[in-house]
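See structure below.
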Amino acid sequence: MTAEDSAKPPDHAVLLEDGTVLMAQTVLPVWGRQLDVIHDQLNQGIGELTAAFAALSDLQDRLAAVPLDDAEQLRKTMQTLLPEMQEYGMQALAGLQIGDRLSQMLGVVRGDIQRLVDEMPLFGEAGRQRAEVWLDDLKSRYTTPEQHRVHDGSDGAADASGVDFF
Numbered sequence: 000m001t002a003e004d005s006a007k008p009p010d011h012a013v014l015l016e017d018g019t020v021l022m023a024q025t026v027l028p029v030w031g032r033q034l035d036v037i038h039d040q041l042n043q044g045i046g047e048l049t050a051a052f053a054a055l056s057d058l059q060d061r062l063a064a065v066p067l068d069d070a071e072q073l074r075k076t077m078q079t080l081l082p083e084m085q086e087y088g089m090q091a092l093a094g095l096q097i098g099d100r101l102s103q104m105l106g107v108v109r110g111d112i113q114r115l116v117d118e119m120p121l122f123g124e125a126g127r128q129r130a131e132v133w134l135d136d137l138k139s140r141y142t143t144p145e146q147h148r149v150h151d152g153s154d155g156a157a158d159a160s161g162v163d164f165f
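Here the sequence shown stands for residues 0 to 165, where the numbers follow numbering that gives the first Met the number 0.
Written out as structure tokens, the structure reads:
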């Protein structure tokens, strides 16, 4: 191998052209914000689950303390605890829902990563307009309000808690 041969990039190397760099600089920060909001959602879901199960455990202890041979006391305790049990059950359900929500959010980012890989050879001459069209298309595939909020760099704080069925 000559010195000239070693100075050449390998045949499989592809030098990035300006359009490719522009596309990467435009798209990668959006992906980063999407991953940040996914991380925040995961932590929120874990917190909701932990709080709900701790509260349900406390209610279970209160119920277990009622003598089983005192039907009237058991009935009153159940009437008192039932609304709390329902509330904490819904809180736990909201926390469990996080898996579906995160799967949808990750699916959008994963799909866009593959799209970038597939289309990268075409980016040599890409300009700002192509980058904006790309981001508009990405935004059209979001499934959650948090994704829409962080797309342009806004705060991605979650909406008020509740259970949303997808």
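Glycine included, C-beta positions come from ideal geometry on N, C-alpha and C.
The model shown is predicted, which means the values in this text are computed figures rather than measured ones.
DSSP, read as helix, strand or coil, puts VAL65 in coil. Exposed is the label assigned to ARG74, since fewer than 16 other Cβ atoms lie within 10 Å of its Cβ. Counting C-beta pairs closer than 8 Å gives three or more between the stretch 22-36 and the stretch 112-123, which meets the contact rule. When the alpha-carbon of ASP57 is set against those of GLU71, ASP69, PRO66, TYR87, the nearest one is in TYR87. LEU48 and GLY94 do touch by the CB rule: their CB atoms are close to 4 Å apart, below 8 Å. The C-beta distance from ALA50 to GLN90 rounds to 7 Å, short enough to meet the 8 Å contact threshold.
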